[in-house]
Amino acid sequence: MESKGPYRIYDPGGSEPSPSTNKGVQTLMKDNPALRESMEGIRSLGELLEESENEVYRLRQKAEALVKDNKHLHSSSAMDSQPSFLEETVLGRKLSAGSEQAEGLQSPKMTDLDSDVHPKSNQKTPPSGTSSEFEILNAYETRKTPESRKLDPGPTLPQEDDNVQLHLQRMETSLSMFAEEPDRKSPIAHISRLALDFSRLASKVHKNEQKTAVLQTLCEQLRKENEDLRAKLEADWNQRTQAEQALRYENLELKKLILQSDRGGGKGFHAGGGVDSAAQEDAVKLENPGIQQVAKLMEKPAVKDPSVSLLKKVKILEHQRTELLEVNKQWDQQFRSMKMQYEEKITSLRQKLSQASKAESEQEVEKDRKQRDFDRKLLLARDKIEEKESQIQKLESEVRELKQKNKFLHEQLSSTSKQREYQEREISRLNKALEEALNMQGSGPCSPSLIASLEDPRLPQREELQMQNDILKQQVKIFEEDFQKERRDRERMNEEKEELKRQLELLQTQLGQVNTQLRSCQEDLRREMESSRDAVRKQPAYPWRMATILPRMQNSKNKKKEQDIAGSGTQNAPRQT
């Protein structure tokens with residue numbers, strides 16, 4: 065029976081799913097986890113690349129802001145040093161000896177301040193051992209003019225980002241070719257190309273991380289310089305306040321001297337210049353060399369006209385006082401304006417920092433929400449696929465059981481049909497024998513010879529024929545009962561066959577529905593994978609996940625090989641049985 069193949073006469077009308085579709089479904093189910101693992105690896109790579117790009121951009125902005133602040137601080141320190149220079153020049157016009165000493169003291173301070181500002185950037189070396197890069201950057205910044213600094217804030221890294229984008233496009237094309245490739249040998253080449261692309265991307269990410277570390281150290285250096293400049297600005301501010309207090313004290317002393325000179329001018333001239341000069345020497349002992357020179361001039365006795373000389377001295381002192389007051393007012397205005405500017409800058413920078421931190425927190429929250437939504441969608445798709453796979457396996461097992469049952473019924477029907485043919489032949493033979501016997505009995509009126517023969521001593525033969533006739537009648541009844549029973553069995557088998565046919569049609573419709581649902585799920589999964597690619601390009605990644613990408617892909621390859629081996633084993637198992 066098995067050598068002849070299936071009986072197409074008893075086919076209920078339904079057809080089995082084609083083996084090509086079954087193979088396609090099996091290959092899709094086998095390739096699904098590998099593609100899922102590769103998608104996770106690509107997503108994590110995209111996240112890493114995006115996060116590195118964002119980090120580089122953020123550090124670049126910080127470096128530019130710190131360079132601008134450093135430039136403003138240098139300009140402000142130069143502007144702050146101008147009032148003291150004006151003070152010294154004004155004093156130098158009137159008091160030559162004191163101004164020379166003051167300029168000698170002030171110019172080393174300015175040179176020391178400039179030498180403290182500029183060499184500090186050269187003395188600092190980053191901990192990562194990349195001092196040459198910082199030296200090149202400092203030389204580049206010193207060569208640039210303010211206009212070129214505004215136009216070109218600093219070195220950028222667009223070429224690396226373009227290379228990373230090219231590698232990502234190459235990976236996407238290779239993955240699309242891998243997904244659309246019908247041949248089973250070419251995916252190995254695609255996977256090797258993917259491994260090369262992953263290694264290149266890893267090297268690019270490593271370079272980006274090194275550059276971000278360099279930028280971080282540069283930002284730290286600029287921040288320290290900014291703090292030093294602020295400390296120096298505060299020290300200069302304290303020095304200027306002390307100088308202002310000293311000038312006010314000197315102004316009061318000058319006023320006292322003028323009043324004393326007005327009161328005791330005549331007495332000192334008539335009574336004796338020696339006593340008046342001694343009193344002035346005891347009264348005027350000042351720290352400023354310019355005031356000491358004024359006191360020395362006042363100590364000289366007037367020979368010709370003491371009132372005129374005293375008036376000249378008073379005018380000179382008043383003129384110096386007015387000039388000093390004007391210089392102090394100018395310096396106070398400049399100091400207040402610069403203080404307001406720096407306070408506004410500090411408030412604006414704090415606002416920008418708060419806004420940036422707020423935006424960063426919002427981006428992190430949005431990124432976490434998108435990641436959770438994406439994971440939830442992937443879990444739902446996986447659950448749907450597993451449910452459809454279980455339904456398909458269940459339906460396939462039911463179809464196999466129905467096929468076995470149908471085969472068993474076909475075999476039973478063939479055996480009953482053979483038995484029926486044999487019984488029909490036997491019945492026809494017995495009917496012929498019965499007809500012949502009946503024809504012999506009812507062939508006509510009994511002739512005397514027949515009566516004689518019947519009354520012949522061979523009467524036992526007649527009885528034997530009669531007994532055979534009864535036996536044949538009983539056999540005919542038995543055969544008729546068997547025939548009726550076979551007819552009932554045949555009708556029952558036909559009913560069962562119809563029922564099995566209906567069940568098979570129902571299962572085939574269910575299988576078609578499940579196949580359509582599987583195709584729709586595959587389409588949804590493909591769309592979600594495409595959307596996940598787009599989302600991966602936009603979402604930042606985590607640097608610590610880079611080390612797990614290539615091992616994960618290797619594990620997916622091993623799992624795929626194990627599934628292929630297991631699938632070949634399950635396909636060969638029914639043939640062996």
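Using our numbering, the first residue of the sequence shown is number 65, and each one after it goes up by one. Backbone N, C-alpha and C define an ideal beta-carbon position, used for all residues, glycine too.
The alpha carbon of ARG414 has as its nearest neighbour, out of GLN397, GLY110, ALA129 and SER116, the alpha carbon of ALA129.
Taking C-beta atoms as the reference points, LEU466 and LEU568 count as a pair closer than 7 Å. Between the C-alpha atoms of VAL391 and LYS431 there is a straight-line separation of about 58 Å. Here the region 449 to 466 lies against the region 571 to 583, with 3 or more beta-carbon pairs under 8 Å apart.
In this model, GLN530 and LYS561 are separated by some 45 Å (Cα to Cα). By the Cβ rule, the region 392 to 411 does not count as touching the region 536 to 547, because fewer than three pairs are nearer than 8 Å. Contact check for PHE399 and ARG312: beta-carbon distance about 15 Å, past the 8 Å limit, so the pair fails to qualify. Look at the beta carbons and you see the region 545 to 553 touching the region 485 to 499: at least three pairs across the two are nearer than 8 Å. Between MET103 and MET593, the C-beta spacing is below 7 Å. The alpha-carbon separation between THR480 and HIS474 amounts to approximately 10 Å. Relative to GLN324, the option among GLN577, ARG464 and LEU375 whose CA is nearest is LEU375. The C-beta separation of GLN280 from LEU459 comes to about 60 Å, leaving the pair out of contact by the 8 Å criterion. Taken atom to atom, the span from the alpha-carbon of ALA445 to that of GLN468 is near 34 Å. Nearest neighbour of ARG566 by Cα position, chosen from LYS434, ARG287 and VAL463, turns out to be VAL463.
A direct Cα-Cα distance of roughly 48 Å separates ILE380 from LYS288. Apart from the 5 residues on each side of it in sequence, ALA497 sits with its Cβ closer than 7 Å to the Cβ of LEU536 in its chain, given in chain order.
A Cβ-Cβ distance of about 6 Å is found for the pair ASN272 and VAL120, placing them in contact under the 8 Å criterion. Counting the other CB atoms within 10 Å of its CB gives PHE472 a total below 16, which places it among the exposed residues. Taking the C-beta atoms as reference points, ALA127 is found no nearer than 7 Å to LEU293. Taking the Cβ atoms as the reference, SER116 lies roughly 6 Å from VAL269, within the contact range of under 8 Å. Just so you know, the alpha carbons of GLU587 and PHE438 end up roughly 17 Å apart. Cα atoms of GLN525 and GLN532: separation of roughly 10 Å, rounded to the nearest angstrom.
Between the C-alpha atoms of ARG124 and PHE262 there is a straight-line separation of about 26 Å.
For ASP598, the closest of THR91, GLU101 and LEU109 by C-alpha to C-alpha distance is LEU109.
The beta carbons of ASP133 and ASN302 sit no closer together than 7 Å. Sixteen is the threshold: when 16 or more other Cβ atoms of the shown chains lie within 10 Å of the Cβ of GLU101, as they do, the residue is buried. The Cβ neighbour count for LEU570, taken over all protein chains shown within 10 Å, is under 16; the residue is labelled exposed. By the CB criterion at 7 Å, LEU477 and MET557 fall inside the cutoff.
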